[in-house]
Amino acid sequence: MNFLRRLLHLERHTGVLVSDWKSWTPGTAITGGTISEQVGKWRRVGNEMEMKIKVKWSTIFTGGTFTFDIVPGYSIDTTEILTPLNSASTNFGRAYLFDDSTNRGVEGSITYSSATAVKIVFTRNHPSVSFSAVLSVGGSIDSQNGSWLDSVSNSSGIYTLTYTSGFFADTPAIAAIADATSTHARIGQVVDYNGTTSARISTVNASNGSPTNNDVQGVTVFATRQGNDYWRNLYQYSYDGIDTGTPYPFQDDDWFYAHFRVPIVGWSAKLRG
415 MNFLRRLLHL ERHTGVLVSD WKSWTPGTAI TGGTISEQVG KWRRVGNEME
465 MKIKVKWSTI FTGGTFTFDI VPGYSIDTTE ILTPLNSAST NFGRAYLFDD
515 STNRGVEGSI TYSSATAVKI VFTRNHPSVS FSAVLSVGGS IDSQNGSWLD
565 SVSNSSGIYT LTYTSGFFAD TPAIAAIADA TSTHARIGQV VDYNGTTSAR
615 ISTVNASNGS PTNNDVQGVT VFATRQGNDY WRNLYQYSYD GIDTGTPYPF
665 QDDDWFYAHF RVPIVGWSAK LRG
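In the numbering used here, the protein residues as written are 415 to 687.
Structure below.
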């Protein structure tokens, strides 16, 4: 018992066993990139292993799977996991791809990979989406092209977008209607969607005015989408005509962060019953 107390301290109120943080190399594997640096810390919290991971890659990240091993010598106790192992509800924690220079990033859920590893899948490939739009309130649309809204003449209203895949499968989503030739812009939010083929975006005037008739309008949609591997991503449909339909790219020297817990075989939640 004295030896245990030297290694572990007993949380005063709950009796949960908590150890000090220790360093280890996570053994991260990644598809779609090359890892240049990785650090990890872990500790025991009751019957779970808590881990924090930081990974940098040296090539432009084109999307793929992050798989990282838990601390060697231990395995995940699947009997403590009540949800299907490969379902979205099996969420051990959060993970982030983050560009420190621009403060942009995407997030996702960490799921089960094997008895000794967890994973998260990110992608830069945007879903197959083809927009068409109708102004439900006021104004008119003279023309439209894919994710573009051209020549929008009203100052505010509701745009109904239809698309070819479940782009708005997750909420919330926000949208902006902007003038490609000026600083005028309007922002709005998806007010409803049927989860498969359509969404309505309500827009309001920005403080700096609103686009005028026959301005070239682009719709920028920020949204999340769920796939078979239960990744979440941020898609930007740009109004500048350059990066339309392409999610924000992650360059070399960007970072991946993860923080999660998994139940461990043979660990008890408390030092004493």
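All residues carry an ideal CB built from backbone N, CA and C; glycine is no exception.
The three-state reading of DSSP puts residue 473 in coil, since its state is none of H, G, I, E or B.
In this structure, residue 467 lies near residue 454, with their beta-carbon atoms less than 9 Å apart. DSSP links residue 435 through a beta bridge to no other residue.
Partner residues in the beta bridge of residue 532, as assigned by DSSP, are 482, 526. The C-beta distance from residue 674 to residue 460 rounds to 15 Å, too long to fall under 8 Å, and the pair is not in contact. Out of 464, 489, 491, 487, the CA that lies nearest to the CA of residue 432 is found in 464. Listed in chain order, the non-local C-beta contacts of residue 479 below 6 Å within the same chain comprise 445, 533, 535, local neighbours out to five positions each way being set aside. Looking at the DSSP output, residue 672 shares a beta bridge with 467, 509. Measuring C-alpha to C-alpha distances from residue 528 to each of 435, 451, 489 identifies 489 as the nearest.
According to the DSSP assignment, residue 678 belongs to no beta strand (DSSP E), since it is labelled neither H nor E. By the neighbour-count criterion, in which a residue is buried when 16 or more other Cβ atoms sit within 10 angstroms of its Cβ, residue 456 is buried. Residue 504 holds the alpha-carbon nearest to the alpha-carbon of residue 493 among 504, 485, 448. Contact between residue 469 and residue 442 is confirmed by a C-beta separation of about 5 Å, below the 8 Å threshold.
Distance between residue 509 and residue 497, taken at the CA atoms: about 20 Å. If you look at residue 450, you'll find it in the beta strand (DSSP E) that goes 449 to 459.
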